[in-house]
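Below is one structure, written out as structure tokens; the observations come after it.
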Amino acid sequence: MTAAKAVSTDPEKEVVTSSDDTASSASTKQNDLLDPVIPAAPTDDDDPKPANPAAEEEGADTAAEASAPPPPEETRTALQTTVIMLALASALFLGALDMTIVTTAVPTISEEFHNTAGYTWIGSAYMLASASTCPMWGKISDIWGRKPVILIAVAVFWVGSLLAAVSVNMAMLIVARVVQGVGGGGIMILVNVCISDLFSMRKRGIYFGAMGLVWAVASAVGPVLGGVFTSQVTWRWCFYINLPISGVAMAVLVFVLKLHNPRTPMREGLAAVDWLGSLAIIGATLMVMLGLQFGGVSYPWNSATVICLIVFGVVTTGLFVLVEWKVAEYPIVPMFLFRKRASAASLALGALHGTVFISGSYYLPLYFQAVLGASPLMSGVYILPWVLSLSLVSAGIGIVIKKTGKYLPSIFVGMAIMTLGFGLFIDLGAHANWAKIVLYQIVAGIGTGPNFQAPLLALQTTVGPRDMASATATFAFIRQLFSSISIVIGGVVFQNSMEKQYPKLLESLGPDLAQRFSGSDAASNVGLISQLPDQQRQLAREAYSDSLRTMYIMYVAFAGLALVVACFIGQRTLSKEHTEHKTGLDQLRLSKQDRLDEATNGKTKGDEEKGPATNGPEKEGREKSS
Numbered sequence: 001m002t003a004a005k006a007v008s009t010d011p012e013k014e015v016v017t018s019s020d021d022t023a024s025s026a027s028t029k030q031n032d033l034l035d036p037v038i039p040a041a042p043t044d045d046d047d048p049k050p051a052n053p054a055a056e057e058e059g060a061d062t063a064a065e066a067s068a069p070p071p072p073e074e075t076r077t078a079l080q081t082t083v084i085m086l087a088l089a090s091a092l093f094l095g096a097l098d099m100t101i102v103t104t105a106v107p108t109i110s111e112e113f114h115n116t117a118g119y120t121w122i123g124s125a126y127m128l129a130s131a132s133t134c135p136m137w138g139k140i141s142d143i144w145g146r147k148p149v150i151l152i153a154v155a156v157f158w159v160g161s162l163l164a165a166v167s168v169n170m171a172m173l174i175v176a177r178v179v180q181g182v183g184g185g186g187i188m189i190l191v192n193v194c195i196s197d198l199f200s201m202r203k204r205g206i207y208f209g210a211m212g213l214v215w216a217v218a219s220a221v222g223p224v225l226g227g228v229f230t231s232q233v234t235w236r237w238c239f240y241i242n243l244p245i246s247g248v249a250m251a252v253l254v255f256v257l258k259l260h261n262p263r264t265p266m267r268e269g270l271a272a273v274d275w276l277g278s279l280a281i282i283g284a285t286l287m288v289m290l291g292l293q294f295g296g297v298s299y300p301w302n303s304a305t306v307i308c309l310i311v312f313g314v315v316t317t318g319l320f321v322l323v324e325w326k327v328a329e330y331p332i333v334p335m336f337l338f339r340k341r342a343s344a345a346s347l348a349l350g351a352l353h354g355t356v357f358i359s360g361s362y363y364l365p366l367y368f369q370a371v372l373g374a375s376p377l378m379s380g381v382y383i384l385p386w387v388l389s390l391s392l393v394s395a396g397i398g399i400v401i402k403k404t405g406k407y408l409p410s411i412f413v414g415m416a417i418m419t420l421g422f423g424l425f426i427d428l429g430a431h432a433n434w435a436k437i438v439l440y441q442i443v444a445g446i447g448t449g450p451n452f453q454a455p456l457l458a459l460q461t462t463v464g465p466r467d468m469a470s471a472t473a474t475f476a477f478i479r480q481l482f483s484s485i486s487i488v489i490g491g492v493v494f495q496n497s498m499e500k501q502y503p504k505l506l507e508s509l510g511p512d513l514a515q516r517f518s519g520s521d522a523a524s525n526v527g528l529i530s531q532l533p534d535q536q537r538q539l540a541r542e543a544y545s546d547s548l549r550t551m552y553i554m555y556v557a558f559a560g561l562a563l564v565v566a567c568f569i570g571q572r573t574l575s576k577e578h579t580e581h582k583t584g585l586d587q588l589r590l591s592k593q594d595r596l597d598e599a600t601n602g603k604t605k606g607d608e609e610k611g612p613a614t615n616g617p618e619k620e621g622r623e624k625s626s
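Residue numbers (the UniProt record's numbering): 1 to 626.
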């Protein structure tokens with residue numbers, strides 16, 4: 001008789017029985033209903049453990065790796081990556097270009113509109129709007145995702161450019177520049193945020209460096225390009241040029257940029273925005289920057305207007321810190337960044353680097369115009385050794401970081417050479433020595449280039465992916481704020497030094513010219529120097545040269561301080577691994593819970609020096625559950 005077979009459904013092991021065994025089993029079940037069941041003692045045969053646990057675990061890991069999605073970088077072709085980076089670079093180029101392109105066009109614009117009162121506001125409106133809205137963009141992209149938010153930023157910039165190009169009066173132009181600044185600030189923040197989401201820690205250094213090159217070139221060619229448009233076509237082309245380039249960049253990003261989109265509902269997203277903190281930081285930034293801009297120019301430094309703006313700005317900053325620390329559910333500036341040594345040092349380094357860098361970009365042209373007698377257009381040409389050297393080094397240092405996985409050597413070497421380079425600027429005299437002028441600019445540029453993005457990489461190693469955007473926005477905001485403060489501080493030192501030159505100028509030039517070349521009027525009257533007789537002209541140039549020398553001594557001190565601060569950053573090897581980061585409210589809630597867990601456990605993310613830094617620490621279980 002052929003035995004019929006029944007197959008057990010036991011998940012641990014398969015049991016095959018004959019038909020006779022099946023009948024016996026049925027009889028046993030009837031007896032079990034009447035007699036109590038006494039469990040049998042376990043035996044080794046009943047143990048479901050596999051014969052080789054290590055092999056079983058290895059097989060499970062292999063299966064998990066096979067089923068896991070590939071890293072985001074492997075899903076893009078080289079062509080797609082190139083197109084994305086060109087689109088991001090184009091948007092960043094325009095955002096940086098519009099900071100400086102109007103500097104040579106402002107006199108013509110003021111003359112056409114018959115309005116000199118708005119002279120300074122054409123440039124400052126963009127800077128104020130850009131700086132004050134910086135912190136918001138990072139958190140907004142955390143809520144609604146990177147792609148839709150960067151598209152909104154480019155669209156806002158496009159609208160502002162169009163309004164500026166067709167402006168019919170000064171008021172309309174200034175409003176348009178504010179709109180441009182809001183969009184430009186978003187572009188400058190979100191380009192770095194998108195790069196952080198697109199590439200691993202090891203690879204993003206090279207793309208950060210490339211963006212640093214784009215930024216430097218745009219800032220340098222802005223005045224030259226503005227002068228060409230103004231003299232050859234019309235000043236309106238300073239803004240028309242943005243329309244096709246930003247339009248193409250926006251179209252490319254729509255179709256090619258692929259990042260996580262949380263599809264956050266509008267109502268929930270708006271409720272999650274830190275409105276109180278945003279208003280506080282915008283108000284504080286505007287008051288401080290307006291006070292610094294008005295001081296010594298529109299109003300005396302001891303005037304009620306300047307004092308009130310600066311004092312209330314500082315008080316509002318304190319309120320902002322309190323809101324972010326105690327009130328905000330999802331703060332736009334995470335306060336824990338300032339409690340960790342490495343992240344606080346990275347932010348301080350970015351601030352000091354911005355302080356020193358902007359002095360070269362802003363005051364070297366003043367040296368060329370006042371001491372060498374160059375026109376505004378030619379001063380943009382004379383500064384090319386500085387711009388080209390820092391641009392090329394900024395791009396090249398990204399390659400070094402990508403190969404070595406270390407950013408700290410670049411920071412130290414860069415800061416040391418930058419200190420040397422700005423120290424050499426002290427040696428620039430009242431007579432043109434082109435060998436010195438070119439060589440000193442190259443040395444300073446080589447030192448400045450590495451630290452556009454290396455401190456940002458150092459900061460990103462101290463935070464998790466969920467805090468990456470806020471940390472990046474905070475870094476950019478602090479750098480831009482201190483750059484603006486640096487211009488004012490440098491101007492005050494220069495003006496005070498020129499004021500001390502007044503007795504000597506009075507003796508040789510007379511009271512009228514001496515007054516024009518001293519104090520706050522000195523920087524705006526450099527055009528008069530070329531009209532003086534030879535002996536008087538040389539005396540005025542020596543006064544400007546001595547005052548600029550005093551100012552650069554101060555910036556050398558700032559560069560030396562940055563070198564000291566770099567000692568507190570610490571080194572973390574950058575990993576080549578990369579996983580897709582998700583955005584949305586769920587991730588913000590997890591980030592908030594992480595902060596609470598750290599406070600409870602007495603640990604701080606990023607302080608661990610062991611192991612490579614990837615995208616920052618993660619709570620693996622929570623990430624899977626999300």
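Positions of the beta carbon are idealized from the N, C-alpha and C atoms, including for glycine.
Computed from a predicted structure; not experimentally measured.
For F475, the enclosing alpha helix (DSSP H) covers residues M468 to K500. For Y299, the three-state secondary structure derived from DSSP is strand. Taken atom to atom, the span from the alpha-carbon of P262 to that of L585 is near 8 Å.
F558 places its beta carbon 8 Å or farther from that of G354. Per the coordinates, the alpha-carbon of L270 lies some 33 Å from the alpha-carbon of Y240. For L457, the CB contacts under 8 Å within the same chain, skipping 5 residues up- and downstream, are M201, R204, G205, F208, I401, Y407 and L574 in chain order. Across the set N169, W158 and W144, the C-alpha of N169 shows the shortest separation from the C-alpha of E111.
Note on geometry: alpha-carbon atoms of W275 and P503 lie some 53 Å from one another. The three-state reading of DSSP puts L372 in coil, since its state is none of H, G, I, E or B. Comparing alpha-carbon positions, the option among L459, S141, K147 and V252 lying closest to Q80 turns out to be V252.
In this structure, the straight-line span from the alpha carbon of T133 to that of S278 is close to 8 Å. For W137, the uninterrupted alpha helix (DSSP H) segment begins and ends at W121 to W144.
At the C-beta level, Q536 and L509 come within 8 Å of one another. Contiguous beta strand (DSSP E) elements confined to the stretch 140-206 do not occur, taking only those with 3 or more residues. Remark: fewer than three beta-carbon pairs, one from each stretch, lie closer than 8 Å, so the stretch 488-496 and the stretch 378-386 are not flagged as touching.
By the Cβ test, the stretch 328-340 is in contact with the stretch 461-478, since at least three Cβ pairs between them sit closer than 8 Å.
The way I'd put it, the stretch 175-194 does touch the stretch 156-166; three or more beta-carbon pairs between them come closer than 8 Å. If only complete runs of 4 or more residues are kept, the stretch 221-286 shows the alpha helix (DSSP H) at 237-240, 242-256 and 266-272, in order along the chain.
Taken through DSSP and simplified to helix, strand or coil, L428 comes out as coil. It is roughly 11 Å from the alpha-carbon of V381 to the alpha-carbon of G222. Using a Cβ distance threshold of 8 Å, Q531 and S518 do not count as a contacting pair. Separation of Y363 and A370 (C-alpha to C-alpha, rounded to the nearest whole angstrom) is 10 Å. Boundaries cannot be given for M335, as no alpha helix (DSSP H) includes it and DSSP labels it neither H nor E. Distance from V149 to G123 at the Cβ level is roughly 26 Å; contact not present, criterion being Cβ atoms closer than 8 Å. Contact annotation: G414 and P450 have beta-carbon atoms nearer than 8 Å.
Per DSSP, reduced to three states, the secondary structure at L408 is helical. For G447, the enclosing alpha helix (DSSP H) begins and ends at W434 to T448.
Straight across, the Cα-Cα distance linking W144 with T404 is about 35 Å. Within the same chain, A105, T108 and I109 come within 6 Å of W235 by CB-CB distance, once the 5 residues on both sides are set aside.
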